[in-house]
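Below is one structure; the comments refer to it alone.
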Amino acid sequence: MLQEKIYVPFLRSGASELNALTALPPEHKSLIAPLLFLTGNDWNKITSFIDSYESHLWIDSSKFKLDEETPISIQLNDSTDNYDFKFNKYIELQKINENIAPIITLYNEDNTRNTIKLIKKFTHNFRTVGIRINPTLENYKDIINLLDKILLSFDDITIHNLAIFLDLGKIDSSEQTEKEHVINFTKYIQENLSPKTIVTSSTSYPPKPVGIIYQECFDPIWQETIKHKLSDFKFIYGDYAATSPTDIIKPTTNMRPRPAATYLLNNLTWYIESQGKAQEFIKFIQIAKNIRNLDGYHGDDFSWANEEIKRISQITDPTQKGYGGQQTWNEIKIHQHICAMLESKINQLDNPEEFEYW
């Protein structure tokens with residue numbers, strides 16, 4: 005499944021995320037394998053997207069705090085009968101898109117026996133299965149113990165066919181590879197695993213500011229460093245595509261967001277601008293103009309998101325609307341980030357000497 009793929013965007017299955025993926029052209033979809041954290045309350049929307057996407061997708065259940073009370077998350081995270089609902093639902097989704105593959109995220113509180121049985125069932129029914137590890141300084145020893153028990157339950161061929169997802173979650177700097185939990189997992193991978201592929205991921209996307217900030221995207225730096233240290237393995241870059249699910253506050257009826265937009269410049273620095281009052285979405289017209297004037301703007305024809313930014317910047321009669329609300333601009337942000345990061349990865353393959361971080 006990961007052959008020829010060079011980028012794995014990690015995304016919740018929200019409307020903005022699914023719309024951003026849908027708008028990608030086929031040539032972009034052929035180079036990525038998104039990981040969807042399934043959540044929400046409408047299986048029909050998820051099923052419809054998976055049916056129409058017609059390309060490779062990883063699927064996992066969401067355990068982000070934001071999603072813990074949604075019906076879909078509750079159903080998929082129910083361990084009754086060895087996660088029977090999750091298994092049957094994934095088989096059902098496989099029937100409408102044979103390009104999907106399941107991921108199991110390891111948590112130290114998980115029921116080990118149920119988790120092992122679920123992984124075994126998946127390996128018998130899917131060509132590829134992923135195991136996602138989200139280590140922290142507090143939990144990495146427990147997760148390593150759990151991973152040990154899982155690996156002892158499988159033969160070498162099955163272990164080799166697993167894809168390992170090393171996800172550091174939220175980070176605030178590029179200096180990750182010298183941290184204790186990352187060092188220990190790197191050593192564990194070297195000594196115990198022989199997976200076909202390792203997908204690394206994190207999110208350094210900052211909280212939305214008031215005003216304007218420029219924020220470097222740190223995610224490629226530590227991932228290239230660990231890739232250099234473990235040069236015998238095939239690595240694929242991953243990130244959360246200008247989102248940070250652990251930072252999202254559960255919305256309430258009283259929340260009224262200020263207009264905010266993000267653009268990933270061609271030097272992999274985010275430009276983030278917020279202006280106006282709550283729900284004063286007319287401000288997006290000026291924000292779009294500002295983005296088009298940035299050094300590092302890719303041009304109006306770069307992606308669907310850029311075409312939308314151009315269109316909105318040229319609105320002359322605000323009473324006609326068309327400048328979008330926050331959901332529209334979240335779609336633009338995610339879509340443009342994926343396209344810009346994909347371009348960077350393609351350039352890296354063509355000019356590897358220009359992307360050495362160690």
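For the sequence shown, this note's numbering assigns the number 5 to the initial residue and increments by one for each residue that follows. C-beta atoms are modelled at their ideal positions from N, C-alpha and C, and glycine is treated no differently.
Rounded to the nearest whole angstrom, the C-alpha separation of Leu110 and Leu80 is 14 Å. Taken in chain order, the complete beta strand (DSSP E) segments of 3 residues or longer contained in the region 159-241 are 166-174, 201-207, 215-220.
For Phe14, the secondary structure class from DSSP, reduced to helix, strand or coil, is strand. For Glu347, the enclosing alpha helix (DSSP H) starts and ends at 330-354.
In the structure shown, Thr109 falls within a strand segment according to DSSP collapsed to helix, strand and coil.
For Ile36, the beta-bridge partners assigned by DSSP are Tyr11.
Between Leu353 and Ile10, the CB-CB gap stays under 8 Å. DSSP places Tyr144 within a helical segment (H, G or I) once states are collapsed to three.
Annotation: the continuous alpha helix (DSSP H) that includes Tyr57 extends over 47-57. Ile137 has Leu110, Leu170 as its beta-bridge partners, per DSSP. In this structure, the beta-carbon distance from Pro211 to Asp251 falls below 8 Å. According to the DSSP secondary-structure assignment, Glu311 is paired through a beta bridge with no residue. Along the length of the region 63-97, whole alpha helix (DSSP H) runs at least 4 residues long occupy 75-80, reported in chain order.
Here Ile276 is bridged, per DSSP, to Ile217, Thr266.
Taking C-beta separations shorter than 6 Å and ignoring five residues to either side along the sequence, the partners of Ala265 in its chain run Glu277, Ile291, Trp333, following chain order.
Counting every other CB atom within 10 Å of its CB across the protein chains shown gives His60 a total of 16 or more, marking it as buried. Cβ atoms of Arg262 and Ala282 come within 8 Å of each other, at about 6 Å. Ser348 places its beta carbon less than 8 Å from that of Leu272.
Taking 8 Å as the cut-off, the beta carbon of Ile240 is found no closer than this to the beta carbon of Pro199. Taking the CA atoms as reference points, Asn138 sits about 45 Å from Pro322. A contact between stretches requires three or more CB pairs, one per stretch, nearer than 8 Å, and the region 66-73 fails this requirement with the region 112-128.
For Leu25, the enclosing alpha helix (DSSP H) begins and ends at 19-26.
Annotation: the continuous alpha helix (DSSP H) that includes Ile120 extends over 116-129. Within 10 angstroms of the beta-carbon of Lys99 lie fewer than 16 other beta-carbons, which makes it exposed. Contact check for Ile123 against Ile104 fails: the beta carbons are separated by 8 Å or more. Using a 10 angstroms sphere on the CB of Gln331, the tally of other CB atoms stays under 16, which defines it as exposed. The C-alpha of Glu21 lies about 19 Å from the C-alpha of Tyr327. Each residue's CA atom was taken as its position, placing Asp171 and Phe222 some 14 Å apart. Counting only residues of its own chain and dropping the five nearest sequence neighbours on each side, Ile336 has a CB closer than 6 Å to the CB of Ala309, Glu312.
Lys293: member of the alpha helix (DSSP H) spanning 288-296, first to last residue.
The secondary-structure analysis by DSSP pairs Ile104 across a beta bridge with Leu61. Residue nearest to Ser208 within the set Pro13, Lys314, Lys174 is Lys174 (criterion: CA-CA distance). Distances from the alpha-carbon of Phe91 to those of Pro75, Asn101, Ile108 put Ile108 closest. In the DSSP secondary-structure assignment, Phe41 is bridged to Arg16, Asp64.
In the structure shown, Asp304 falls within a coil segment according to DSSP collapsed to helix, strand and coil.
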